[in-house]
Amino acid sequence: MSEQEQAEIRLEFARLKQEHADFDAAINAMIATGCDPLQIQRMKKKKLALKDRLSALEDRIIPDIIA
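So this is what it looks like as structure tokens:
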């Protein structure tokens with residue numbers, strides 16, 4: 339993988355990590371205000387999808403080393 343590709347992946351990872359944190363803050367605010375539980379559940383699902391995408395990007399950045 340070239341350095342350019344790795345830099346793009348790291349940038350995408352940082353963006354998604356910030357978006358994940360934003361979802362977390364939004365979910366906490368929704369819970370605090372007593373928002374509709376269905377909306378909260380949908381937000382949690384989106385947050386989980388972001389976490390899965392972050393894990394996939396992290397796997398591309400840090401290759402497995404078999405000892």
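Here the sequence shown is numbered in the numbering used here, starting from 339 and rising by one per residue. Yeah, the Cβ is synthetic: ideal placement off N, Cα and C, and Gly gets one too. Note that the coordinates shown come from a computational prediction; the quantities given were computed from them, not determined experimentally.
**Asked** Roughly how many whole angstroms lie between the Cα atoms of Met-339 and Asp-390?
**Response** Here residue 339 corresponds to residue number 1 of the sequence shown, with the count starting at 1. Here residue 390 corresponds to residue number 52 of the sequence shown, with the count starting at 1. Roughly 22 Å separates the two Cα atoms.
**Request:** Kindly indicate which three-state DSSP category Ile-347 falls into: helix, strand or coil?
**Result:** Taking the first residue of the sequence shown as 1, we reach residue 347 at position 9. Three-state result, Ile-347: helix.
**Message:** Quick check on Ile-399: does DSSP put it in helix, strand or coil?
**Reply:** In the sequence shown, counting from the first residue as 1, residue 399 sits at position 61. Three-state DSSP puts Ile-399 in a helix.
**Message:** Check whether the segment 363-372 and the segment 380-390 are in contact - that is, three or more C-beta pairs closer than 8 Å.
**Reply:** Judged by Cβ distances under 8 Å, the segment 363-372 makes contact with the segment 380-390, as three or more pairs qualify.
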